[in-house]
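To start, the structure under review is shown below, and the notes come after it.
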Amino acid sequence: MFGAIPIGGWARLGAVAAAALCLCLPGDASAGRLIFPLTFNDAGYILTPISVNGTPEIPAIIDTAATIAMIDGRAAQRAGIDAPPADEIRVPVFGLLGQREFPLIRIGSISNDNVWVLQLAAAYNNREPMPGASLVIPAVSFGGDVLDFDFPAGRFSVYDGRPQNSSGNSGRGSLTIEGGLMFTDISINGVKGRALIDTGSPFSFINSEMARAAKAQRDDDKTQRLQGATGGSLAVSVASVKRLSVARFNISRLNMVIADPAMFDDLGLRDEPVMLLGLDLLSLFRVQIDRRRGHLILTPKEEGRSVVINLNARDTRIPQ
3 MFGAIPIGGW ARLGAVAAAA LCLCLPGDAS AGRLIFPLTF NDAGYILTPI SVNGTPEIPA
63 IIDTAATIAM IDGRAAQRAG IDAPPADEIR VPVFGLLGQR EFPLIRIGSI SNDNVWVLQL
123 AAAYNNREPM PGASLVIPAV SFGGDVLDFD FPAGRFSVYD GRPQNSSGNS GRGSLTIEGG
183 LMFTDISING VKGRALIDTG SPFSFINSEM ARAAKAQRDD DKTQRLQGAT GGSLAVSVAS
243 VKRLSVARFN ISRLNMVIAD PAMFDDLGLR DEPVMLLGLD LLSLFRVQID RRRGHLILTP
303 KEEGRSVVIN LNARDTRIPQ
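Read the sequence shown against our numbering and you will find it ends at 322, with the numbers running on by one and no gaps.
Here it is, written out as structure tokens:
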């Protein structure tokens, strides 16, 4: 049985990628280390306060699966950004439901207490709802060798060099970057595949090819309507998974959304066993993305020898 869920991600997978970002970081308060506080909202999004053009701070998402920033039209207006003319250059942005085109604008500055960024290229969104936050910023916008999402400490930091403060309890997995998007190797019920690392999605899901290959058991009773990032509808079902392996960790007995979004077609992944790795699973760890060396380093919240984490439907934000 399939249900329809609102789901989105229009600030994801932009074809213009890094060439559309024109950033200047004139320094920070921590000698080469940029720091952002992180908080979860009730819907499961991770947010940080950001001032746009010096106006009062608004919640923003720092998204590893975005390649161009996106700002809501009303937030842009409050920041003194005029609506672009009808003939403004438009940029294709690929979300879960497929490609959309939005006018391209430039934000004068974004800042918090520690970071100041000038001239950020962004897609101007005055037509699609953005319930996650009115501003989405690509995590790669801030440069740095390491993107460090310390979820237990409520902090995101960016710095050069090696991942800091990893421990003997950490696990190291692969990291590949394709078109500005970051993937890691995973396996589900022993079936190998790839996962898109997505800090802009509250929940994780697998595609039908992975579900079939891994013999995931569909659970009709737990198929629900779920809220996603930026609007739209996508048919999904829910299945029980015995084991997900990522880095050296095994996450056992979890309920997983099955979905086949248009973005997997756009990326040429439809016939591969693939997964989107969202915050319901990522937030169990400190997540350090070592872009320079090609590693994903996970450190669990709880120190100890155990590497098995048990999840139920509530933990994965699927209503029971």
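Quick reminder that beta carbons are idealized off the backbone N, C-alpha and C, glycines included.
Spatial distance of residue i from residue j (CA atoms)
i, j, result
"residue 103", "residue 92", "6 Å"
"residue 52", "residue 108", "16 Å"
"residue 219", "residue 81", "48 Å"
"residue 71", "residue 138", "5 Å"
"residue 153", "residue 79", "32 Å"
"residue 120", "residue 243", "45 Å"
"residue 31", "residue 158", "In this prediction, residue 31 has a pLDDT of 41, which is less than 50 and means its spatial position is unreliable; nothing more can be read from the coordinates."
"residue 132", "residue 61", "12 Å"
"residue 280", "residue 135", "16 Å"
"residue 207", "residue 241", "10 Å"
"residue 282", "residue 110", "33 Å"
"residue 67", "residue 286", "19 Å"
"residue 77", "residue 127", "10 Å"
"residue 175", "residue 123", "32 Å"
"residue 28", "residue 118", "Confidence at residue 28 is low in this model, with a pLDDT of 42, below 50, so its placement is unreliable and no value can be given for it."
"residue 290", "residue 145", "14 Å"
"residue 215", "residue 284", "23 Å"
"residue 255", "residue 56", "47 Å"
Pair within 8 Å by beta-carbon distance, residue i and residue j
i, j, result
"residue 173", "residue 251", "yes"
"residue 169", "residue 301", "yes"
"residue 179", "residue 248", "no"
"residue 198", "residue 177", "no"
"residue 288", "residue 147", "no"
"residue 73", "residue 201", "no"
"residue 36", "residue 238", "no"
"residue 100", "residue 268", "yes"
"residue 213", "residue 253", "no"
"residue 257", "residue 222", "no"
"residue 125", "residue 106", "yes"
"residue 50", "residue 58", "no"
"residue 190", "residue 246", "yes"
"residue 277", "residue 181", "no"
"residue 205", "residue 46", "yes"
Local conformation of residue i per DSSP, three classes
i, result
"residue 213", "helix"
"residue 264", "helix"
"residue 75", "helix"
"residue 53", "strand"
"residue 65", "strand"
"residue 19", "Low confidence applies here, because residue 19 scores a pLDDT of 38, under 50, leaving its location unreliable and the question unanswered by this model."
"residue 80", "helix"
"residue 187", "strand"
"residue 142", "helix"
"residue 222", "helix"
"residue 271", "coil"
"residue 283", "helix"
"residue 59", "coil"
"residue 243", "strand"
"residue 252", "strand"
"residue 194", "strand"
Buried/exposed call for residue i, threshold 16 Cβ in 10 Å
i, result
"residue 129", "exposed"
"residue 23", "The pLDDT assigned to residue 23 is 45, lower than 50, so where the model puts this residue is not dependable; a value taken from the coordinates is nonetheless given after this. Answer is buried; the Cβ neighbour count reaches 16."
"residue 345", "The question about residue 345 has no answer here: the residues shown for the chain are numbered 3 through 322."
"residue 211", "buried"
"residue 209", "buried"
"residue 141", "buried"
"residue 167", "exposed"
"residue 44", "exposed"
"residue 115", "exposed"
Integer Cβ distance of residue i from residue j, believed to fall under 8 Å
i, j, result
"residue 48", "residue 165", "Their Cβ separation, rounded to whole angstroms, is 19 Å, which puts residue 48 and residue 165 out of contact at 8 Å."
"residue 296", "residue 162", "15 Å between Cβ atoms; not a contact."
"residue 263", "residue 98", "4 Å"
"residue 41", "residue 156", "6 Å"
"residue 96", "residue 265", "5 Å"
Near the ligand FAD: residue i beta-carbon under 7 Å from a heavy atom
i, result
"residue 257", "For the structure depicted, the ligand FAD is absent and the ligand set is empty, with no information on it obtainable."
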